[in-house]
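In this note's numbering, the protein residues as written are 44 to 255.
And the structure:
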């Protein structure tokens with residue numbers, strides 16, 4: 044689903060949305076996204092760093108450029124987005140909520156050729172805790188979600204079909220994959236007033252896979 048289509052569906056449902064094409068590999072593009080949203084809506088209350096990317100390649104074969112590209116998309120972009128949003132919140136004189144997407148791969152090894160991705164997503168955990176500590180005096184909460192077992196087209200495209208079909212049969216304690224909406228619900232919760240006393244935390248949303 045494209046950003047424009049998503050914005051259109053939100054508007055049709057009675058909500059407000061603004062679609063701004065952006066490239067998370069470019070810091071200026073991320074900052075322009077935050078500035079554009081702030082100009083349109085008048086303030087920044089929450090930021091969700093969700094965009095990212097990955098490709099499978101054994102650690103012995105991945106190039107330095109490839110490794111850095113994955114870190115740039117998944118870790119550096121989250122920092123720049125968080126920084127831009129926090130600056131706006133502080134300038135506006137109110138608190139806010141920042142949520143980033145990590146992964147259950149940050150907690151456990153996979154052996155499927157995603158060393159750079161795992162490193163980036165583990166970096167989100169430390170970044171979340173540190174930003175939470177630095178920005179708490181401003182009333183800014185910083186948290187993360189750690190999805191696992193996402194039933195999405197991206198998963199099918201990037202994973203080995205034969206290997207994944209065996210793992211997906213009984214993924215996690217709940218023995219199923221989950222649609223993206225179930226992970227989005229966790230991010231919405233952390234961004235909302237229902238989570239006003241939660242900061243510096245990572246919420247695992249993986250059907251119990253991380254403890255099974």
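From the three backbone atoms N, C-alpha and C, an ideal C-beta is built for every residue, glycine too.
Since this is a predicted model, take the numbers as computed values, not measurements.
Start-to-end residues for the beta strand (DSSP E) that takes in residue 93
Translated into the one-based positions of the chain shown, residue 93 becomes position 50. It is not in any beta strand (DSSP E) - residue 93 carries neither H nor E in the DSSP assignment.
Beta-carbon proximity check, residue 168 vs residue 187, cutoff 8 Å
Here residue 168 corresponds to residue number 125 of the chain shown, with the count starting at 1. Here residue 187 corresponds to residue number 144 of the chain shown, with the count starting at 1. It is a contact, given that the beta carbons lie within the stated cut-off.
Runs of beta strand (DSSP E) lying entirely within the region 133-206, each at least 3 residues, in chain order:
The region 133-206 contains, as complete beta strand (DSSP E) runs of 3+ residues, the segments 139-144 and 183-190 (chain order).
If you measure between the beta carbons of residue 132 and residue 124, is that distance less than 8 Å?
What you label residue 132 is simply residue 89 of the chain shown in a count that begins at 1. What you label residue 124 is simply residue 81 of the chain shown in a count that begins at 1. Going by C-beta atoms, residue 132 is not nearer than 8 Å to residue 124.
Cut-off 7 Å between Cβ atoms - residues of its own chain near residue 229, not counting five sequence neighbours on either side
Taking the first residue of the chain shown as position 1, residue 229 is located at position 186. Cβ-Cβ distances below 7 Å link residue 229 to 188, 246 and 248 in the same chain, with the five nearest sequence neighbours on each side left out; the list follows chain order.
Assuming residue 226 and residue 254 are in contact, meaning their beta carbons sit under 8 Å apart, how far apart are those beta carbons, in whole angstroms?
Along the chain shown, one-based indexing puts residue 226 at 183. Along the chain shown, one-based indexing puts residue 254 at 211. About 18 Å; that fails the 8 Å criterion.
Residue 166 and residue 252 look like a contact to me (Cβ under 8 Å); what is the Cβ gap, rounded to whole Å?
Along the chain shown, read from residue 1 onward, the residue named residue 166 stands at position 123. Along the chain shown, read from residue 1 onward, the residue named residue 252 stands at position 209. With 8 Å as the limit, residue 166 and residue 252 do not qualify as a contact, their Cβ atoms being about 21 Å apart.
Put residue 100 into one of helix, strand or coil per three-state DSSP.
On the chain shown, position 57 is the one that residue 100 refers to. Coil.
How do the region 45-62 and the region 89-109 stand: do at least 3 beta-carbon pairs fall below 8 Å, yes or no?
Between the region 45-62 and the region 89-109 there are fewer than three C-beta pairs closer than 8 Å, too few to call the two in contact.
Between residue 142 and residue 234, which are expected to be in contact by the criterion C-beta below 8 Å, what is the C-beta distance as a whole number of angstroms?
Within the chain shown, the letter at position 99 stands for residue 142. Within the chain shown, the letter at position 191 stands for residue 234. Confirmed, about 5 Å.
N-terminal and C-terminal residue of the beta strand (DSSP E) that residue 247 is part of
The residue labelled residue 247 in the question sits at position 204 within the chain shown. Per DSSP, residue 247 belongs to the beta strand (DSSP E) from 245-248.
Using only alpha-carbon positions, find the residue among 242, 59 and 160 that is nearest to residue 182.
The residue labelled residue 182 in the question sits at position 139 within the chain shown. Of the candidates 242, 59 and 160, 242 places its Cα closest to the Cα of residue 182.
Anticipated Cβ contact below 8 Å, residue 67 with residue 120, distance rounded:
As a first step, residue 67 is located in the chain shown; it is residue number 24 there, counting from the start. As a first step, residue 120 is located in the chain shown; it is residue number 77 there, counting from the start. The C-beta separation of residue 67 from residue 120 comes to about 4 Å, placing the pair in contact by the 8 Å criterion.
Exposed unless 16 or more other CB atoms sit within 10 angstroms - verdict on residue 95:
Looking up residue 95 in the chain shown gives position 52. Around the beta carbon of residue 95, 16 or more other beta carbons lie within 10 angstroms, which makes this residue buried.
DSSP three-state call for residue 237: helix, strand or coil?
For this step, residue 237 is matched to residue 194 along the chain shown. Helix, per DSSP.
Once the 5 residues before and after residue 209 are set aside, which same chain residues still bring their CB inside 6 Å of it?
The count along the chain shown starts at 1 and reaches residue 209 at position 166. At residue 209, the pLDDT of 48 sits below 50, so the modelled position is not reliable; the number obtained from the coordinates is stated separately. Annotation for residue 209: no residue places its beta carbon closer than 6 Å to its own, counting only its chain and skipping 5 residues before and after.
Tell me, please, which residues DSSP counts as bridged to residue 56.
Counting from 1 along the chain shown, the entry for residue 56 is found at position 13. Residue 56 is not bridged to any residue.
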